[in-house]
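**Q** So the protein lines, in turn, are chains V and X.
Following numbering that gives the first Met the number 0, the numbering of the first sequence begins with 0 at its first residue and continues without gaps.
Following numbering that gives the first Met the number 0, the numbering of the second sequence begins with 0 at its first residue and continues without gaps.
Please read through the structure below; I'll follow up with questions.
There are 2 protein chains.
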Amino acid sequence: MVNVRRERYREETKTEAKRIALEQLAELGIAGISVNAIAKRMGVTGPALYRYFKGRDDLLNDLVRDAWHDLADTVEASVEASSGASPPDRVRAFAEAFRSWAVTQPHRYLLLFGTPLPGYHAPQDTILTAHRTMSALLGVLPHEGSATTGPSTLDAQLVGWAGARGEGDVPPAVLLTGVRAFTRLHGVLSLEVSGQFGPMGIDPALLYRAEVESLILGDSGVRGSTRLSGPG
Amino acid sequence: MVNVRRERYREETKTEAKRIALEQLAELGIAGISVNAIAKRMGVTGPALYRYFKGRDDLLNDLVRDAWHDLADTVEASVEASSGASPPDRVRAFAEAFRSWAVTQPHRYLLLFGTPLPGYHAPQDTILTAHRTMSALLGVLPHEGSATTGPSTLDAQLVGWAGARGEGDVPPAVLLTGVRAFTRLHGVLSLEVSGQFGPMGIDPALLYRAEVESLILGDSGVRGSTRLSGPG
DNA sequence: TCACTGTTGTTAGAAGTTCTAACACAAGTT
DNA sequence: AACTTGTGTTAGAACTTCTAACAACAGTGA
């Protein structure tokens, strides 16, 4: 037997350290995560934690990895729970799960989508986990009737991206819809969690839902006739 | 005469410090901005800079303020330069100026829209400057034909927001279009500058332009028939 | 010209941080 | 029982922000 007890103890220690790190993240932001302070709160001295994490960056890396996993699990669960519903309702389910995850732990959302460490390149497994969230979204989009559009550069890139991860059967139009849906949802969420709507007196939840409905119904006719394609 | 020479010297020193800080920001990220290191590169000792900035946060504050001003100046200039063009072309001009500013100095974009300092609340003047960018966008949207939609909560908030800064004559439908246009553009830019598209092999410029065109032409018909409002 | 005031710089130092090195001890294996 | 491995310790280097005390300077007024 190969150290099963020590192995478990090691995992528990790492988990506790990450738990405290998340608390610090919520309270003081990413800059407030201190290996020393975590150790102190665990009742050990600072250098002890270096047996578990190669350094601060390694710890942050783990937090990022965990967050991607957690986000993917959340939206996947939501999508699966809505498996019997209509595509619009499934998109709504995805969007609500996504927003819910983000706003209940904004610091974690910012850990994923906020300011990256310069020179940081996510490892392959983290990238794959991040794409799980994207796949969940693609999964609820209707695939039928997707015209094979002209071979644009963007389409080619989208197909290449999907193909590289075993989703080669998704038509480029669906991929584009998915990616754009994601960027739009993120656009609202990103501004919300970084507090940009606060001083504007606007409820981001309403804006978010308006965006979701516009995503579902299309852009014209939902709200107002103010179209940018007016005469001119 | 009240120290006009000293005053100028003081301004020059602050400007140089901020210039070096921006270099550090670009190279090492926000965490890499060090008062000590800036001072060293200016040929003075660390504490000398505390005559000019109350602390590191004060310096960062100035960087944020400058960035908002610079962004607003840029998009305003672009919008004014396109004053004779059609609304769609003016929206394109705004969007291109916005993206150009962001991608040529991603670290600065992240300084504005990335991870905020916890507990940080932007001072009023910074908020007003931030809204200048939003106003530039609203300025190129056509106002005619904006139906007075039902008095929704979101509309009321939008009108309140606009009214609080002397833009009470802009119809809520236009305000909503503007805010949503902004969140969409930001959605793409945010993911681009934080490097999310890198491992996907997708050119963010194409995605951005697709989003701009969809903003202008509306969502249906631009690309593919994959609509979320299918039967179901 | 001399003295005064305010600004800008210095060094010293406190209290943090990350992280390495060297050592002590306990736990698991042979 | 001896050996190896894992986990914790203290000491310390090299940083960081930031304050305090002091020195030197510029500009003003008598």
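By construction, the Cβ of each residue, glycine as well, lies at the ideal position given by its N, Cα and C atoms.
Cα separation between V:L175 and V:A209?
**A** Position 176 of the first sequence holds residue 175 of chain V. Position 210 of the first sequence holds residue 209 of chain V. Rounded to the nearest angstrom, the two C-alpha atoms are 20 Å apart.
**Q** Which residue comes first and which comes last in the alpha helix (DSSP H) that contains X:I201?
**A** The residue you call residue 201 of chain X lines up with position 202 of the second sequence. Unbroken run through X:I201: none, as it is neither H nor E.
**Q** Mapping DSSP to helix, strand and coil, what is X:P170?
**A** Residue 170 of chain X sits at position 171 when you count from the first residue of the second sequence. DSSP places X:P170 in coil when its eight states are reduced to three.
**Q** Kindly indicate which three-state DSSP category V:N35 falls into: helix, strand or coil?
**A** In the first sequence, the residue the question calls residue 35 of chain V occupies position 36. Correct three-state label for V:N35: helix.
**Q** Please check the pair X:R183 and X:L140, which I expect to be a contact at CB under 8 Å, by giving their CB distance rounded to whole angstroms.
**A** Along the second sequence, one-based indexing puts residue 183 of chain X at 184. Along the second sequence, one-based indexing puts residue 140 of chain X at 141. Actually they do not touch by this definition, with Cβ atoms about 14 Å apart.
**Q** Any contact of the segment 78-97 of chain X with the segment 41-60 of chain X, i.e. 3+ C-beta pairs under 8 Å?
**A** With the cut-off at 8 Å, the segment 78-97 of chain X and the segment 41-60 of chain X do not touch.
**Q** In chain order, what are the residue ranges of uninterrupted beta strand (DSSP E) at least 3 long that sit wholly in the segment 99-179 of chain V?
**A** Listed in chain order, nothing qualifies, since the segment 99-179 of chain V has no complete beta strand (DSSP E) run of 3 or more residues.
**Q** Grab the span of the alpha helix (DSSP H) containing X:Y49 for me, first residue to last.
**A** Here residue 49 of chain X corresponds to residue number 50 of the second sequence, with the count starting at 1. Looking at the DSSP string, X:Y49 is not in any alpha helix (DSSP H), and its letter there is neither H nor E.
**Q** Below 8 Å on the Cβ atoms is my guess for X:R164 versus X:H130; work out the distance and round it to an integer in Å.
**A** Translated into the one-based positions of the second sequence, residue 164 of chain X becomes position 165. Translated into the one-based positions of the second sequence, residue 130 of chain X becomes position 131. 6 Å between Cβ atoms; contact.
**Q** Taking just the CA atoms, how far does V:M41 sit from V:K13?
**A** As a position in the first sequence, residue 13 of chain V is number 14, starting the count at 1. As a position in the first sequence, residue 41 of chain V is number 42, starting the count at 1. About 11 Å.
**Q** Specify whether the segment 75-83 of chain V and the segment 72-81 of chain X touch according to this definition: at least 3 beta carbon pairs, one from each stretch, less than 8 Å apart.
**A** Result no; under three Cβ-Cβ pairs closer than 8 Å.
**Q** Would you identify the three-state DSSP class for V:N2, choosing helix, strand or coil?
**A** By 1-based counting over the first sequence, the position of residue 2 of chain V is 3. It is coil, neither helix nor strand.
**Q** For chain X, is any of its Cβ atoms less than 8 Å away from the one on V:T126?
**A** For the purposes of this step, residue 126 of chain V is identified with residue 127 of the first sequence, where counting begins at 1. Contrary to the premise, residue 126 of chain V reads as Ile rather than Thr in this sequence. So, interface residue.
**Q** Straight-line CA distance for V:L153 to X:A121?
**A** As a working note, residue 153 of chain V is residue 154 in the first sequence. As a working note, residue 121 of chain X is residue 122 in the second sequence. So the alpha carbons of these two residues sit roughly 38 Å apart.
**Q** Please state whether the Cβ-Cβ distance between X:P203 and X:E191 is less than 8 Å.
**A** Locating residue 203 of chain X in the second sequence gives position 204, counting from the first residue. Locating residue 191 of chain X in the second sequence gives position 192, counting from the first residue. In this structure, X:E191 lies closer than 8 Å to X:P203 by Cβ.
**Q** Just reading off the alpha helix (DSSP H) that X:D65 is part of, what are its end residues?
**A** What you label residue 65 of chain X is simply residue 66 of the second sequence in a count that begins at 1. Element bounds for X:D65: R55 to A80.
**Q** Quick check on V:G186: does DSSP put it in helix, strand or coil?
**A** Along the first sequence, read from residue 1 onward, the residue named residue 186 of chain V stands at position 187. Here V:G186 sits in helix by DSSP.
**Q** Assuming contact is defined by CB atoms lying nearer than 8 Å, are X:L137 and X:V187 in contact in what I supplied?
**A** On the second sequence, residue 137 of chain X is found 138 positions in, with the first residue counted as 1. On the second sequence, residue 187 of chain X is found 188 positions in, with the first residue counted as 1. No, Cβ-Cβ distance for X:L137 and X:V187 is not below 8 Å.
**Q** Closest by CA to X:L62, which one among X:T103, X:L127, X:Y108 and X:G159?
**A** Here the question's residue 62 of chain X lines up with position 63 in the second sequence. The shortest Cα separation from X:L62 among X:T103, X:L127, X:Y108 and X:G159 belongs to X:Y108.
**Q** So if I threshold CB-CB distances at 9 Å, which residues from the segment 36-65 of chain X count as touching chain V?
**A** For the segment 36-65 of chain X, which is checked against every Cβ of chain V, not one residue is closer than 9 Å.
**Q** So, are the CB atoms of X:T114 and V:S193 less than 8 Å apart?
**A** The residue you call residue 114 of chain X lines up with position 115 of the second sequence. The residue you call residue 193 of chain V lines up with position 194 of the first sequence. Yes, the Cβ-Cβ distance between X:T114 and V:S193 is below 8 Å.
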